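*Asks:* Before we start, here is the structure in question, set down as structure tokens.
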Amino acid sequence: MPLPLLIGLGVAAAAAVAAVAITTSDDSSSSQHNADEQTKRKIEEENEKKRQQALNVQQQDLNKQKLNKRKLFFDTEFNRLSAKYDFDNKEKSSIQTLLISKENMRLLKARIDEHWPKTAVSKGLSKTIRDLDLESKTIEMHIKSLKEQTHG
Amino acid sequence: MSNINFEALKRQFPEIKNKIIRLEYLSTKENNYFNVVVYGKYNHGKSSLLNALIGDESIFKVEDCRTTTKNDSFIDGLKGIKWIDTPGLSADIQGNDDTHATNAITKEADIILFVHSLRMGELDQAEMEYLKDLVYLKPASSLILVLTQQDQTRAEQFETVYGCIEKQVEQFNLKNICVSTTRYFKGLSLNNGNQIARSKILVLQDMLMQVYKENDYLDTELKNLTKEVIHYLENEREIVEQNKVKKQQELRQMHSNFQNEVKQMINKIQQFY
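Right under this line is the structure:
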């Protein structure tokens, strides 16, 4: 076999071997790459989870802080109202539980409004009005009996 | 008549207690005697005046010392008159005598003879106060100012004193008369018509009988007094009603303030969500 042909065949074979070798090497790096991607995604997901958890904790802390603020404000204001209008504030704790949800605001208002008739000012004025009403009716009765006498 | 709760009225309206006492008396009076009450200061001749009007010196005790300490009365059944003698005003320190006298004029008196002795000069401050109270309590038609002991004042002194007294009582629009019981009894004992006439006791008797003979005198007083009390009560009721409305407004205002404060409180709470 002429040498050039041999050389040609040799080169071709070498090229083929090289080609096979190249092909084999490409497959192995791609799977490695995939594995890396998966690990990366996993880590990312875990990080995201952790971030979400941290956010949740942070949100919970914030909610707690807001609830405490509401409670503190309610406590001060309810005590002030109780002192100003002179009513018993023993129901304060039970009303305070309504502060958890914003949906409870109408109920909260209703529960505080219920205290009005129990205030000293309402009780005092209501009694005065009842007394004056009785006095007026008594005078009216006297007038009626005196008029009956005049006409009789 | 029995429907009227006089006790409650007296308790509830002490300012017009005397009028209510009189109203109660007139409303529940069981006899038809015409009550003549003498009223005035100690030793001004009240008992003596009543004796002269009755025509008998022995009915009521007359002395220079303080003899009448409680209300005393004599009923003349024939004439239908009850003569009531009262203790002299401002005579005892405790004021018990005044209380007896005031009770008599407040409750029983159909006509009051306010007695003042000309011998004492013009009316003093206390007498003026008593007169003011009387005029508030009674219609002027049932008051007569009787000036006694005219015989014990000299003519010129009498003119001056009488002039002063007329001015003093001008504001009250009272009937008045000057009498002398001494002259009257002297006239009676001597059967001297001139003395009797000059004593003016008969004129005073006529004045009393004139009032007495007005048949509806007490009915008119009862009606007028009832109207007066009704008018007073209506005013009082009006005041009470106004006060009630004021308190109702105050209650509504306070409730509204309370509700506003609750609303503001809830609005702020909502900002903390």
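First to last, the sequence lines map onto chains E and G. Numbering-wise (this note's numbering), the first sequence opens with residue 13 and increments by one. Numbering-wise (this note's numbering), the second sequence opens with residue 54 and increments by one. We treat Cβ as the ideally placed atom computed from N, Cα and C, and that holds for glycine. These numbers come from a predicted model, not from an experiment.
Any idea which residues DSSP pairs G/F167 with across the strands?
*Replies:* Looking at the DSSP assignment, G/F167 forms a beta bridge with G/Y92 and G/L198.
*Asks:* Check G/F325 in the structure and name its three-state DSSP category.
*Replies:* Correct three-state label for G/F325: coil.
*Asks:* Any C-beta of chain E sitting closer than 8 Å to the C-beta of G/M54?
*Replies:* Low confidence applies to G/M54: its pLDDT is 48, below 50, so where it sits in the model is not reliable enough to give any reading.
*Asks:* For G/M173 and chain E, any beta-carbon pair shorter than 8 Å?
*Replies:* No, G/M173 lies away from the interface with chain E (no Cβ there is under 8 Å from its Cβ).
*Asks:* For the 8 Å Cβ check, are there 3 or more pairs between the region 189-207 of chain G and the region 249-268 of chain G?
*Replies:* Contact holds: three or more Cβ-Cβ distances are below 8 Å.
*Asks:* Would the beta-carbon of G/G141 fall within 8 Å of that of G/Y95?
*Replies:* Yes, they are a contact pair.
*Asks:* Is the beta carbon of G/V188 sitting closer than 8 Å to the one on G/L102?
*Replies:* No.
*Asks:* In terms of DSSP beta bridges, what is G/C231 paired with?
*Replies:* G/C231 is bridged to G/L200.
*Asks:* Assign E/K102 to buried or exposed, taking buried as 16 or more other Cβ atoms, counted over all protein chains shown, within 10 Å of its Cβ.
*Replies:* By the 10 Å Cβ count, E/K102 comes out exposed.
*Asks:* Whose Cβ in chain E lies nearer than 7 Å to the Cβ of G/F127?
*Replies:* None at all; the shortest Cβ gap to chain E is about 31 Å.
*Asks:* Residues of chain G with CB closer than 8 Å to the CB of E/Q65, please, in chain order.
*Replies:* Correct list: empty, because the minimum Cβ distance to chain G is about 23 Å.
*Asks:* Does G/Y75 get closer than 8 Å to chain E when you measure Cβ to Cβ?
*Replies:* Note that residue 75 of chain G is Arg in the sequence shown here, rather than Tyr. Not closer than 8 Å to any Cβ of chain E, the Cβ of G/R75 fails to qualify, so no.
*Asks:* Would you say the region 128-141 of chain G touches the region 84-100 of chain G, given that touching needs at least three Cβ pairs under 8 Å?
*Replies:* Short answer: they touch.
*Asks:* Mind listing the chain E neighbours of G/K94? Cutoff is C-beta to C-beta under 7 Å, in chain order.
*Replies:* Correct list: empty, because the minimum Cβ distance to chain E is about 36 Å.
*Asks:* Which bits of chain G does E/Q72 rub up against, with CB to CB less than 7 Å?
*Replies:* What E/Q72 touches in chain G: nothing, since even the nearest Cβ is about 15 Å away.
*Asks:* Which same chain residues, not among the five before or five after G/G71, have their C-beta less than 7 Å away from its C-beta?
*Replies:* Reading the sequence as shown, one finds Asn at residue 71 of chain G and not Gly. Closer than 7 Å at Cβ, skipping near neighbours: T159 and L190.
*Asks:* Going by DSSP, name the residue or residues bridged to E/L120.
*Replies:* DSSP output for E/L120 lists no bridge partner at all.
*Asks:* Below 7 Å between beta carbons is the criterion; list the residues of the region 293-312 of chain G that meet it against any residue of chain E, in chain order.
*Replies:* Within the region 293-312 of chain G, the qualifying residues are V293, E294, N296, K297, K300, Q301, E303, L304, M307, H308, F311 and Q312.
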